[in-house]
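First up is the structure itself, then whatever we jot down about it.
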Amino acid sequence: MVSTSSTTGRGFEYAPAPESRAIVDIKPSYGLFIDGDFVDGHGSSFKTISPATEEVLAEVAEADDADVDAAVKAARKAQKAWARMPGSERAKYLYRIARIIQERSREIAVLESIDNGKPIKESRDVDVPIAAAHFFYYAGWADKLEYSGFGSTPLGVAGQVIPWNFPLLMLAWKIAPALACGNTVVLKPAETTPLTALLFAEICQQADLPPGVVNLITGAGGTGSALVSHPGIDKVAFTGSTDVGRIIAKAVAGTDKRVTLELGGKAANIVFDDAALDQAVEGIVNGIFFNQGHVCCAGSRLLVQENIFEDLLERLKRRMSTLRMGDPLDKNTDVGAINSGEQLMRIRELSEIGDAEGAERWEVACDLPTKGFWFPPTLFTGVSQAHRIAREEIFGPVLSVLTFRTPSEAVAKANNSPFGLSAGIWTEKGSRILQMASELRAGVVWANTFNKFDPTSPFGGYKESGYGREGGRHGLEAYLR
Ligand code: NDP
Numbered sequence: 016m017v018s019t020s021s022t023t024g025r026g027f028e029y030a031p032a033p034e035s036r037a038i039v040d041i042k043p044s045y046g047l048f049i050d051g052d053f054v055d056g057h058g059s060s061f062k063t064i065s066p067a068t069e070e071v072l073a074e075v076a077e078a079d080d081a082d083v084d085a086a087v088k089a090a091r092k093a094q095k096a097w098a099r100m101p102g103s104e105r106a107k108y109l110y111r112i113a114r115i116i117q118e119r120s121r122e123i124a125v126l127e128s129i130d131n132g133k134p135i136k137e138s139r140d141v142d143v144p145i146a147a148a149h150f151f152y153y154a155g156w157a158d159k160l161e162y163s164g165f166g167s168t169p170l171g172v173a174g175q176v177i178p179w180n181f182p183l184l185m186l187a188w189k190i191a192p193a194l195a196c197g198n199t200v201v202l203k204p205a206e207t208t209p210l211t212a213l214l215f216a217e218i219c220q221q222a223d224l225p226p227g228v229v230n231l232i233t234g235a236g237g238t239g240s241a242l243v244s245h246p247g248i249d250k251v252a253f254t255g256s257t258d259v260g261r262i263i264a265k266a267v268a269g270t271d272k273r274v275t276l277e278l279g280g281k282a283a284n285i286v287f288d289d290a291a292l293d294q295a296v297e298g299i300v301n302g303i304f305f306n307q308g309h310v311c312c313a314g315s316r317l318l319v320q321e322n323i324f325e326d327l328l329e330r331l332k333r334r335m336s337t338l339r340m341g342d343p344l345d346k347n348t349d350v351g352a353i354n355s356g357e358q359l360m361r362i363r364e365l366s367e368i369g370d371a372e373g374a375e376r377w378e379v380a381c382d383l384p385t386k387g388f389w390f391p392p393t394l395f396t397g398v399s400q401a402h403r404i405a406r407e408e409i410f411g412p413v414l415s416v417l418t419f420r421t422p423s424e425a426v427a428k429a430n431n432s433p434f435g436l437s438a439g440i441w442t443e444k445g446s447r448i449l450q451m452a453s454e455l456r457a458g459v460v461w462a463n464t465f466n467k468f469d470p471t472s473p474f475g476g477y478k479e480s481g482y483g484r485e486g487g488r489h490g491l492e493a494y495l496r
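Numbers in my numbering are just positions in the sequence shown, counted from 1, shifted up by 15.
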């Protein structure tokens, strides 16, 4: 365990408190989940590793075009009966899945932390409970679709592609509303984090979900591409990078497939001089260091009112120095491993561009493990709006700090981004919150908090952050005709 506080001599020494991995049964190899069963794929296979140790965890099948076709056909075959089933019956399956997620929550959380690298306290307290909450919430809608305002006719078969930052949670965001509305799904998890999706396949079996309603195909970008361009699907739902989002938008242009894209972000977290500063510091830390900054709505641009800049920066550095980085399974860990070597390279590269463009880097002093993928919590000052670290999604634990003088300057700087997913405002004045929120071009605006998620609340972006909403009543629109 690497403790930033112990190596800098500040704070307490914590004894390691590792969560046991004994609860998890990782098989040496996994097939694809098609039509209710695990089957061997026709393609090759790939390895999934622990990003904290680089240990190979399992060999996973890579679905080829024939496998994608088989999964889509299974979903099509199952769809009519699933849609005809009374909503109250579909709801029972969703409730059952939600309860099994709760019952197996410790197992899922440990598996997620091993495969993804995120701290166990986040997978245990955020990812898994919110995933269960999505199934509970949309179970409640299944027999009330006629009151949704979007009709009650499902689209058919949904092809869903998800990223590696919240593997089970993104799966829940995609599958729960689709099933509640009477659609069936084929979902591809990210190449680096397939294991909780495969565990979810077991949960579908345990819940006696009719075969073909949920199909899970593992693989890389090629599998995702084959899925979204398959003529047998009616709807594409994607979360990931803006670049791949663009490729998908082009691939489905001219077809009658419905599309929702949840893409990147470069959120402004705006702190005024009347804010409760220690509370704001907690929100800044949560905004950018939660999940190692692998969060599309991360508060990666801090905008500080100029007259409190020095004070806030000192408090922030002090707080960052107490963050504990290390073993994802240790219950004390605040910051875990970067999800992949590729992502680590991207974070390093953009940070070096920040250095080269003249920004000043400050990072928490700590010893990094020699194995695995690690990047210390870092901030840059002296950042201008033209800097690439102020414009591009770094998707890592790296904060760019800028200043402003007036509310209108804060809004102008916050909106000066190709993205528009989220924003945060820290101030004591309610009127200022309402005014700012109405002027910020962001799908979600948090006030005196950050990174709060709830299944009842719609989430989605403007501009290059994508289109469509997930969550809440609005999330049903994407799955109804
Ligand atoms: P991608 O957008 O490549 O990955 C997201 C998902 O799409 C994965 O399942 C991926 O498969 C799949 N995919 C890749 N190419 C295609 C394609 N042509 N057609 C269909 N599906 C495809 O993100 P990366 O993992 O490459 O991360 C790159 C950057 O994207 C990050 O640095 C970050 O900035 C951003 N990102 C943003 C996310 C967000 O939530 N906004 C989430 C993840 C990344 P596979 O895993 O096999 O590549």
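Ideal placement from N, C-alpha and C gives every residue a C-beta, glycine not left out.
For this session: Have a look at Thr-63 and Ala-76 and give me their C-alpha separation to the nearest angstrom.
Result: Within the sequence shown, numbered from 1, the residue matching residue 63 stands at position 48. Within the sequence shown, numbered from 1, the residue matching residue 76 stands at position 61. Cα to Cα, the separation comes out at about 10 Å.
Exercise. Which one of Tyr-482, Ile-248, Pro-225 and Ala-212 has the shortest CA to CA distance from Leu-231?
Worked result: Along the sequence shown, one-based indexing puts residue 231 at 216. Considering only alpha carbons, the answer is Ala-212.
Problem set entry | Start-to-end residues for the alpha helix (DSSP H) that takes in Thr-257 | In the sequence shown, counting from the first residue as 1, residue 257 sits at position 242. For Thr-257, the enclosing alpha helix (DSSP H) begins and ends at 257-267.
For this session: Can you give me the Cβ contacts of Asn-347 inside the same chain, cut-off strictly under 7 Å, excluding the 5 residues immediately before and after it?
Result: Looking up residue 347 in the sequence shown gives position 332. Tyr-29, Ala-32 and Arg-339.
Problem set entry | Where Gln-175 falls: helix, strand or coil (DSSP) | Mapped onto the sequence shown, residue 175 falls at position 160. Residue state, collapsed to three classes: strand.
Exercise. In chain order, which continuous runs of the beta strand (DSSP E) of length 3 or greater are located wholly inside the stretch 175-258?
Worked result: Whole beta strand (DSSP E) segments, 3+ residues: 199-203, 229-231 and 250-254.
Exercise. Can you round the beta-carbon distance between Val-501 and Ala-113 to whole angstroms, since I take them to be within the 8 Å contact cut?
Worked result: The question about residue 501 has no answer, for the chain in this structure spans 16 to 496.
Exercise. For Ala-457, which option in Ala-425, Ala-380 and Gly-280 has the closest C-alpha, if you only look at C-alpha atoms?
Worked result: As a working mapping, residue 457 is identified with position 442 in the sequence shown. The option with the nearest alpha carbon to Ala-457 is Gly-280.
Exercise. Exposed or buried, which one is Thr-23 when buried takes at least 16 other CB atoms within 10 Å?
Worked result: Taking the first residue of the sequence shown as position 1, residue 23 is located at position 8. Note on Thr-23: pLDDT 46, under 50, position unreliable in the model; the coordinate value appears next. With fewer than 16 Cβ atoms within 10 Å of its Cβ, Thr-23 is classed as exposed.
Problem set entry | Segments of 3+ residues assigned as beta strand (DSSP E) that fall wholly inside the stretch 349-380 | Within the stretch 349-380, the complete beta strand (DSSP E) runs of at least 3 residues are 375-378.
Exercise. What's the gap between the Cα of Lys-136 and the Cα of Leu-449?
Worked result: As a first step, residue 136 must be located in the sequence shown, where it is residue number 121. As a first step, residue 449 must be located in the sequence shown, where it is residue number 434. Rounded to the nearest whole angstrom, the CA to CA distance from Lys-136 to Leu-449 is 33 Å.
Problem set entry | Residue from Val-259, Ala-154 and Gln-221 whose Cα sits closest to the Cα of Ala-205 | Here residue 205 corresponds to residue number 190 of the sequence shown, with the count starting at 1. That would be Val-259, whose Cα lies nearest to the Cα of Ala-205.
Exercise. Can you give the Cα-Cα distance for Arg-330 and Val-300, rounded to whole angstroms?
Worked result: Residue numbering aside, residue 330 sits at position 315 when the sequence shown is read from its first letter. Residue numbering aside, residue 300 sits at position 285 when the sequence shown is read from its first letter. Rounded to whole angstroms, Arg-330 and Val-300 show a C-alpha spacing of 11 Å.
Exercise. For Lys-203 versus Gly-239, is the C-beta distance shorter than 7 Å?
Worked result: Numbered from its first residue, the sequence shown carries residue 203 at position 188. Numbered from its first residue, the sequence shown carries residue 239 at position 224. Yes, Cβ-Cβ distance for Lys-203 and Gly-239 is below 7 Å.
For this session: Tell me whether Ile-3 sits in a helix, a strand or coil according to DSSP, three-state version.
Result: As shown, the chain starts at 16 and ends at 496. That puts residue 3 outside it, with no answer to give.
Problem set entry | Nearest-angstrom beta carbon gap, Asn-466 and Phe-305 [assumed within contact, 8 Å] | Here residue 305 corresponds to residue number 290 of the sequence shown, with the count starting at 1. Here residue 466 corresponds to residue number 451 of the sequence shown, with the count starting at 1. Contact between Phe-305 and Asn-466 holds, with the beta-carbon distance rounding to 6 Å and staying under 8 Å.
For this session: Please name the residue, chosen from Gly-445, Ala-313, Val-426 and Trp-441, that lies closest to Ser-480 on a Cα-to-Cα basis.
Result: Position 465 of the sequence shown holds residue 480. Of Gly-445, Ala-313, Val-426 and Trp-441, the smallest CA-CA separation from Ser-480 is found for Ala-313.
Exercise. When you compare only the Cα positions, how much space is there between Gly-58 and Ile-248?
Worked result: For this step, residue 58 is matched to residue 43 along the sequence shown. For this step, residue 248 is matched to residue 233 along the sequence shown. In a straight line, the C-alpha of Gly-58 is about 21 Å away from that of Ile-248.
Exercise. Unbroken beta strand (DSSP E) runs of length 3 or more, entirely within the stretch 19-64: which are they?
Worked result: The qualifying runs are 47-49, 52-54 and 60-64.
Problem set entry | CA-to-CA distance, Ile-49 to Met-451, given in whole angstroms | For the purposes of this step, residue 451 is taken as the residue at position 436 of the sequence shown. For the purposes of this step, residue 49 is taken as the residue at position 34 of the sequence shown. When rounded, the distance between both Cα atoms is 48 Å.
Exercise. How is the alpha helix (DSSP H) around Arg-334 delimited, first residue to last?
Worked result: Locating residue 334 in the sequence shown gives position 319, counting from the first residue. Unbroken alpha helix (DSSP H) run through Arg-334: 324-335.
For this session: Please state if the CB of Tyr-153 and the CB of Ala-191 are separated by a distance shorter than 7 Å.
Result: The residue given as residue 191 occupies position 176 in the sequence shown. The residue given as residue 153 occupies position 138 in the sequence shown. Tyr-153 sits close to Ala-191, with the two beta carbons spaced by under 7 Å.
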